[in-house]
Structures are given as structure tokens and as C-alpha cells.
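Novice:
Residue numbers (the working numbering): 45 to 135.
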């Protein structure tokens, strides 16, 4: 659920960036809800998105089934050609 949501944000950000000077920090600009499809994660983009990057997050909501060791929030950091997915072991 979180992986799919963050990848949707990544794709939508690239489409947004084609027509704008910077990436956006606002999910509504991307027509993406702040809740993942299954409702297990709250989605956000950190303030301060720039022309070269942004950080998107999927934060667990109450009621998420336990799935150790990846029962954690997931982050996607895009900076230029560099993409970091954290924690790496959960991607």
C-alpha cells in the first residue's frame, strides 16, 4: 500500500515538474489523496520541494497490521538523479 502510494507520488511529481519551475509540496496539486488506497498510511510531501527534489512520506495510521521488520514509515527522497528509498531493507 505504501510502496504503491509513494510511486504514484513520484510519477505525478514528474508530470507536475514538466510544466512547473519546481516540484510541489502539495498533494492536491498532484490530485493525490492524503490517505493511501487501503487506508493504512497517511501520505505527505515535506515543505520545501525545489526544482531538483522533494521528500515524500507514507506514515502508518492506526490499525496497520504488524509486519516486522518493515512495520515502519516509508520515505522516498528524490534529489536530481538520485533516489533514496528508506528504510532500504523495506523496499
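Don't be surprised by glycine CBs; every beta carbon is placed ideally from N, CA and C.
Just so you know, these numbers come straight off a predicted model, no measurement behind them.
Does the distance from the C-beta atom of residue 46 to that of residue 98 stay below 8 Å?
Specialist: Your numbering for residue 46 matches position 2 in the chain shown. Your numbering for residue 98 matches position 54 in the chain shown. No, Cβ-Cβ distance for residue 46 and residue 98 is not below 8 Å.
Novice: Residue 56 and residue 102 - do their beta-carbons sit closer together than 8 Å?
Specialist: Here the question's residue 102 lines up with position 58 in the chain shown. Here the question's residue 56 lines up with position 12 in the chain shown. For residue 102 and residue 56, no; Cβs fall outside 8 Å.
Novice: With a Cβ-Cβ cutoff of 8 Å, do residue 105 and residue 66 count as a contact?
Specialist: The sequence position of residue 105 within the chain shown is 61, counting from 1. The sequence position of residue 66 within the chain shown is 22, counting from 1. Contact flag unset, no.
Novice: Could you spell out the range, first to last residue, of the alpha helix (DSSP H) harbouring residue 104?
Specialist: Position 60 of the chain shown holds residue 104. Element bounds for residue 104: not the alpha helix (DSSP H) but the beta strand (DSSP E), 97 to 104.
Novice: Between residue 120 and residue 127, what straight-line distance do the alpha-carbon atoms span, to the nearest angstrom?
Specialist: Counting from one through the chain shown, the residue named residue 120 turns up at place 76. Counting from one through the chain shown, the residue named residue 127 turns up at place 83. Near 7 Å, if we compare the C-alpha coordinates of residue 127 and residue 120.
Novice: In whole angstroms, give me the CA-to-CA distance for residue 118 and residue 64.
Specialist: Along the chain shown, read from residue 1 onward, the residue named residue 118 stands at position 74. Along the chain shown, read from residue 1 onward, the residue named residue 64 stands at position 20. Each residue's alpha carbon lies about 26 Å from the other.
Novice: Could you tell me the alpha carbon to alpha carbon distance between residue 53 and residue 92, rounded to whole angstroms?
Specialist: On the chain shown, position 9 is the one that residue 53 refers to. On the chain shown, position 48 is the one that residue 92 refers to. About 16 Å.
Novice: Throw me the rounded Cβ distance for the residue 60 and residue 68 pair, which I believe falls under 8 Å.
Specialist: To locate residue 60, count along the chain shown from 1; it is residue 16. To locate residue 68, count along the chain shown from 1; it is residue 24. Residue 60 to residue 68, Cβ: 6 Å. Contact.
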